[in-house]
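Protein chains in written order, with the working numbering: chain F, 15 to 486; chain S, 15 to 486. Quick notes on the structure that follows.
See the structure below:
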């Protein structure tokens with residue numbers, strides 16, 4: 015077989031490849047009939063009898079927002095424990111974990127107070143998670159717009175001191191995968207406050223992390239650097255960010271800020287865990303999980319109620335189908351992904367201490383949208399071995415509209431990386447995620463039952479294939 | 015190369031295939047750099063400066079529902095003509111077409127009147143398009159449930175005469191592609207009335223065509239058979255269908271029906287057409303299109319405002335990029351897809367009479383959701399030739415999350431089939447489509463800007479590739 019330049023020969027080679035693949039498919043059909051049949055039963059069961067959508071309804075509408083340390087987070091722990099308990103699993107338990115307890119306080123105020131054009135104008139704002147408050151009287155400052163943390167350093171103390179720094183670099187709309195655009199902008203939210211504080215700023219405003227242009231402010235965690243003064247930080251809606259930016263081109267703008275959010279003392283909480291014990295390798299775990307906490311606005315429907323109920327449905331489906339796994343299958347609902355990651359850390363610490371190897375962990379934390387595949391990551395030493403093992407799964411996955419690719423994982427399962435197992439992230443359609451992410455409109459009605467359920471079925475399929483064909 | 019049974023050898027063969035594909039990719043990179051760069055510019059332009067979402071806002075919120083023959087349909091014609099006219103195309107015109115003019119009349123009533131369990135109970139109902147009405151006094155009849163047209167024949171006149179036939183076969187939720195489930199159920203809506211009338215039924219109720227369980231009735235066209243009495247036909251919401259079915263297991267159920275819908279005289283209307291004339295093959299057309307009419311409930315946002323504005327954006331994007339096509343590119347907004355198909359028929363008739371060959375026609379009429387690919391169909395004589403020609407496009411499409419497959423098209427471009435060109439249908443994520451299809455909740459807010467725009471970019475990319483690389 016020669017590789018020849020030009021389209022015509024290329025087509026011929028392609029035809030040959032197609033024939034070769036068909037031949038492989040035919041041989042595959044015989045040895046893989048049982049697997050394909052079982053996968054069909056997973057989908058039938060999931061799409062007609064799965065409980066994920068009903069569970070999500072309860073979690074969003076009856077429990078609601080459930081930030082770490084809140085009474086609602088405790089309700090979510092108890093509800094999901096009871097639901098897992100009702101599935102007839104081998105074991106359901108709570109794993110204690112101490113979590114930070116941040117509260118938003120009164121409704122935030124961000125008000126332009128001196129515009130010759132607009133007069134007084136309120137902006138749609140939300141304090142960033144972990145932020146300190148302004149105090150009850152609020153504060154006033156002149157706004158200076160920047161596009162990056164680097165720009166703050168470049169401007170230096172002379173320009174920044176005493177100001178309110180306004181980070182306004184948008185997410186890049188031209189990127190097909192919105193998580194890439196998020197990754198390219200979110201440093202402003204996470205690190206912008208401390209960066210500005212180093213140069214004497216009194217507060218920061220951050221353009222909301224979304225590709226949409228609307229009036230919805232997006233909260234999300236900031237991290238204060240040790241040894242740097244802690245200053246208040248708030249997100250403003252993208253339409254308001256555009257307005258403020260335009261105004262700043264014309265005149266100096268002063269803003270009044272008031273928020274009363276604060277970090278309180280840590281509280282006890284739990285990861286919620288359910289398990290079907292492996293018949294052959296009880297100490298080798300295949301984990302599915304999401305995070306049970308959410309931000310305190312909205313209902314935490316896509317982020318990450320969806321991932322929780324999908325993970326629960328994986329065990330429900332396999333249990334109902336009477337499947338006896340070789341490996342131990344665990345559903346883990348992590349606490350405190352949003353503003354600390356304490357649940358993921360505690361889980362991995364215990365697993366490593368108890369020498370419970372996690373052959374694979376699959377996290378769903380990108381929304382309950384149409385599943386398009388999974389991304390795999392692992393320690394550099396072992397990734398090639400794993401890729402060779404799991405890439406043939408694509409024969410099963412592609413007819414389901416799924417593709418397994420390199421690069422994935424999730425923040426709750428990340429701490430398991432030293433065990434050198436496989437870390438998978440479910441990859442759904444990402445186009446709508448940042449319309450709702452960390453907002454008061456991340457509500458139940460934004461989740462489609464079939465898309466949510468197809469995600470659960472996809473995860474169940476991957477768990478099944480890993481249990482049948484995977485090895486360390 | 016031997017095809018050997020078993021997984022290990024399979025992996026080796028696969029590795030070989032992967033290497034071969036990498037080699038092909040490298041050769042491809044050199045010859046295809048210009049194409050890839052232009053496609054990138056299509057996406058950048060579409061995602062940052064496209065007008066489809068704004069146009070859709072006007073079409074849904076300012077014009078609204080636009081059933082054939084209605085004043086709103088005329089407004090939609092005029093609005094889209096003006097918008098196309100603003101793009102600086104070579105030619106924009108209206109193609110006359112006479113259309114049926116059906117009107118819904120007063121709000122429908124479907125009421126259980128004799129239940130010992132429920133007493134009187136109103137059901138959520140919508141007359142099927144083209145249906146006759148009951149007359150102002152309504153009618154009362156006993157309900158008989160069936161699961162198919164065949165069952166009506168099996169039951170025969172003895173059981174059917176004088177009854178209200180209730181078609182209640184659900185769409186199959188286990189089918190991954192919801193259009194397959196729709197295709198498996200929609201004969202009840204299209205042909206159920208005449209089938210029941212043949213055996214003396216006085217009216218029919220049809221379970222709404224959706225996978226969702228809710229209170230939303232779904233209208234849609236029925237076709238009366240010639241020579242069979244025309245009886246009223248209404249869709250009821252799926253939750254009501256389940257209720258009625260359960261009740262029928264316990265007792266005989268009588269229902270009162272009243273609707274005042276009617277077919278009026280045909281009205282003049284138009285297809286709206288915009289064109290960039292081909293520099294090399296002006297008489298060979300690559301067409302993009304959707305249908306401008308919608309049902310009279312809701313706003314016709316996904317069905318098919320989305321397809322119209324996407325098609326308009328294809329020409330907008332290529333025009334703005336200064337692209338000079340070899341073939342003539344046409345955007346055609348068809349009238350009367352929903353209840354007659356007159357626009358598609360008139361367009362094809364004129365094209366065939368004028369000897370304007372349509373190398374390809376791409377229809378978007380499956381909703382403005384995340385695009386996943388295109389399906390291709392063509393006359394049996396030429397399909398293999400076309401498949402061989404366009405399958406290599408997948409090298410460009412797959413990195414964009416798109417796949418070109420066999421089997422597709424659309425009802426408006428179907429009449430072009432005798433020309434033996436290519437007929438493509440855009441295939442978006444189908445999971446949510448039947449939540450909204452033909453209902454009062456098919457509204458602007460159900461459309462995501464990025465998903466809509468990605469569909470337009472996908473169509474633009476296919477048009478570009480066909481223009482560059484396609485030949486009859």
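Each residue gets a CB set at the ideal place from its N, CA and C atoms; glycine is no exception.
*Assign residue 181(S) to one of three DSSP states: helix, strand, or coil.*
For the purposes of this step, residue 181(S) is identified with residue 167 of the second chain, where counting begins at 1. Reduced to three states, the DSSP call for residue 181(S) is strand.
*Buried versus exposed call for residue 2(F) [16 or more other C-beta atoms within 10 Å across all chains shown]*: Residue 2(F) falls outside the range modelled here, since chain F spans only 15 to 486, and no answer is possible.
*Taking a Cβ distance cut-off of 8 Å, strictly less, list which residues of the stretch 52 to 67 of chain S are near chain F, in chain order.*
So the close ones are 57, 58, 61 and 62.
*Got a sec, what are the start and stop residues for the alpha helix (DSSP H) residue 321(F) sits in?*
Here the question's residue 321(F) lines up with position 307 in the first chain. Here the alpha helix (DSSP H) through residue 321(F) covers 320 to 334.
_According to DSSP, simplified to helix, strand and coil, what is residue 404(S)?_
As a working note, residue 404(S) is residue 390 in the second chain. For residue 404(S), the three-state secondary structure derived from DSSP is helix.
*Should residue 190(F) be flagged as near chain S, meaning a C-beta pair shorter than 8 Å?*
The residue you call residue 190(F) lines up with position 176 of the first chain. Taking Cβ atoms only, chain S reaches closer than 8 Å to residue 190(F), which makes this a yes.
*asked:* Using CA atoms only, rank isn't needed, just tell me which of 104(S), 88(S), 140(S) and 74(S) is closest to residue 333(S).
replied: Translated into positions along the second chain, residue 333(S) becomes position 319. Looking at the Cα atoms, 104(S) is the closest of the given residues.
_Members of the stretch 225 to 237 of chain F near chain S, C-beta cut-off 9 Å_ = For the stretch 225 to 237 of chain F, residues whose beta-carbon sits nearer than 9 Å to a beta-carbon of chain S comprise 225, 226 and 227.
*Which partner residues of residue 276(S) appear in the DSSP bridge assignment?*
For the purposes of this step, residue 276(S) is taken as the residue at position 262 of the second chain. Under DSSP, residue 276(S) takes part in a beta bridge, and its partners are 117(S).
*C-beta neighbour in chain F for residue 415(S), strict 8 Å*: One-based indexing of the second chain puts residue 415(S) at position 401. So, interface residue.
_I need the DSSP call for residue 41(F), collapsed to helix, strand or coil._
Reading the first chain from its first residue, position 27 is the one you call residue 41(F). With a pLDDT of only 41 at residue 41(F), under 50, the local geometry of the prediction cannot be trusted, and the value read off the model is given with reservation. Taken through DSSP and simplified to helix, strand or coil, residue 41(F) comes out as helix.
_Euclidean distance between Cα positions of residue 356(S) and residue 82(S)_ = As a working mapping, residue 356(S) is identified with position 342 in the second chain. As a working mapping, residue 82(S) is identified with position 68 in the second chain. Those two C-alpha atoms are separated by around 10 Å.
_Extent of the continuous alpha helix (DSSP H) to which residue 85(F) belongs_ = Against the first chain, residue 85(F) aligns to sequence position 71. It spans 85 to 99 - the alpha helix (DSSP H) in which residue 85(F) sits, taken as one unbroken run.
*Mind pulling the chain F residues with CB within less than 7 Å of residue 384(S)?*
As a working note, residue 384(S) is residue 370 in the second chain. Within chain F, the residues near residue 384(S) are 384, 443 and 445.
*Tell me whether the beta-carbon of residue 192(F) lies closer than 8 Å to the beta-carbon of residue 407(F).*
Indexing the first chain from 1 puts residue 192(F) at position 178. Indexing the first chain from 1 puts residue 407(F) at position 393. Taking 8 Å as the Cβ cut-off, residue 192(F) and residue 407(F) do not qualify as a contacting pair.
_C-alpha gap between residue 102(F) and residue 451(F), whole angstroms_ = Numbered from 1 along the first chain, position 88 holds the residue referred to as residue 102(F). Numbered from 1 along the first chain, position 437 holds the residue referred to as residue 451(F). About 34 Å.
*In its own chain, which residues sit with a C-beta less than 8 Å from the C-beta of residue 198(F), not counting the 5 before and 5 after it?*
Counting from one through the first chain, the residue named residue 198(F) turns up at place 184. For residue 198(F), where only same-chain residues beyond five positions count, the Cβ hits under 8 Å are 185, 186 and 189.
*Select from 379(F), 309(F), 375(F) and 336(F) the residue whose C-alpha is nearest the C-alpha of residue 323(F).*
Position 309 of the first chain, counted from the start, is the residue given in the question as residue 323(F). That would be 379(F), whose Cα lies nearest to the Cα of residue 323(F).
_Residue span of the beta strand (DSSP E) that contains residue 158(F), given as start and end_ = Numbered from 1 along the first chain, position 144 holds the residue referred to as residue 158(F). 153 to 160 is the span of the beta strand (DSSP E), which, as asked, contains residue 158(F).
*Please classify residue 482(S): does DSSP put it in a helix, a strand, or coil?*
Residue numbering aside, residue 482(S) sits at position 468 when the second chain is read from its first letter. Of the three classes helix, strand and coil, the one that applies to residue 482(S) here is helix, per DSSP.
*Roughly how many whole angstroms lie between the Cα atoms of residue 299(S) and residue 372(S)?*
If you number the second chain from 1, residue 299(S) lands on position 285. If you number the second chain from 1, residue 372(S) lands on position 358. Answer to the nearest angstrom: the Cα atoms are 5 Å apart.
*Does the stretch 158 to 177 of chain S come close enough to the stretch 215 to 230 of chain S that 3 or more CB-CB pairs lie under 8 Å?*
With the cut-off at 8 Å, the stretch 215 to 230 of chain S and the stretch 158 to 177 of chain S touch.
*Got a sec: is the Cβ-Cβ distance from residue 187(F) to anything in chain S below 8 Å?*
Stepping through the first chain from its first residue, residue 187(F) is reached at position 173. Yes, its Cβ sits closer than 8 Å to a Cβ of chain S.
*Taking residue 477(S) and residue 286(S) to be in contact with their CB atoms under 8 Å, please state how far apart those CB atoms are, rounded to whole angstroms.*
Numbered from its first residue, the second chain carries residue 477(S) at position 463. Numbered from its first residue, the second chain carries residue 286(S) at position 272. Between residue 286(S) and residue 477(S) the Cβ distance is about 18 Å, and since that is not below 8 Å, they are no contact.
*Which of helix, strand or coil does DSSP assign to residue 123(F)?*
Taking the first chain and counting its residues from 1, the one referred to as residue 123(F) is at position 109. The answer is strand: DSSP assigns residue 123(F) an E or B state.
*With 8 Å as the C-beta to C-beta threshold (strictly closer), list the residues of the stretch 453 to 473 of chain S near chain F in chain order.*
Hits within the stretch, in order: 462, 463, 464, 465 and 468.
*Identify the contact partners of residue 449(S) in chain F, using a Cβ-Cβ distance below 8 Å as the criterion.*
Translated into positions along the second chain, residue 449(S) becomes position 435. Those within 8 Å of residue 449(S) in chain F are 462.
*asked:* Out of 226(S), 221(S) and 141(S), which one is the CA nearest neighbour of residue 446(S)?
replied: Within the second chain, numbered from 1, the residue matching residue 446(S) stands at position 432. The option with the nearest alpha carbon to residue 446(S) is 226(S).
*Using CA coordinates, which residue listed in 245(S), 471(S), 110(S) and 200(S) is at the minimum distance from residue 274(S)?*
Indexing the second chain from 1 puts residue 274(S) at position 260. Residue 274(S) has its Cα closest to that of 245(S), out of 245(S), 471(S), 110(S) and 200(S).
*Contacting residues, own chain, Cβ-Cβ under 6 Å from residue 89(F) (five flanking each side not counted)*: If you number the first chain from 1, residue 89(F) lands on position 75. Within the same chain, residue 89(F) has close Cβ partners 77.
*Per DSSP, what kind of secondary structure is residue 145(F) in: helix, strand or coil?*
As a working note, residue 145(F) is residue 131 in the first chain. In the displayed model, residue 145(F) falls within coil according to three-state DSSP, outside both helix and strand.
*Less than 8 Å between the CB atoms is what I'm expecting for residue 126(S) and residue 269(S), so what's the real figure, rounded?*
Numbered from its first residue, the second chain carries residue 126(S) at position 112. Numbered from its first residue, the second chain carries residue 269(S) at position 255. Contact holds; Cβ gap of about 6 Å.
*Could you tell me which of 424(S), 353(S), 228(S) and 170(S) sits nearest to residue 211(S), measuring between CA atoms?*
Within the second chain, residue 211(S) is the residue found at index 197, counting from 1. Of 424(S), 353(S), 228(S) and 170(S), the residue nearest in Cα terms is 170(S).
_Straight-line gap, residue 26(S) to residue 411(F) (C-alpha atoms, nearest Å)_ = As a working note, residue 26(S) is residue 12 in the second chain. As a working note, residue 411(F) is residue 397 in the first chain. Bear in mind that the predicted position of residue 26(S) carries a pLDDT of just 36, short of 50, making it unreliable; the figure below should be weighed with that in mind. Spanning the two alpha carbons is a distance of roughly 20 Å.
*Helix or strand or just coil, what does DSSP make of residue 340(F)?*
Numbered from 1 along the first chain, position 326 holds the residue referred to as residue 340(F). Reduced to three states, the DSSP call for residue 340(F) is coil.
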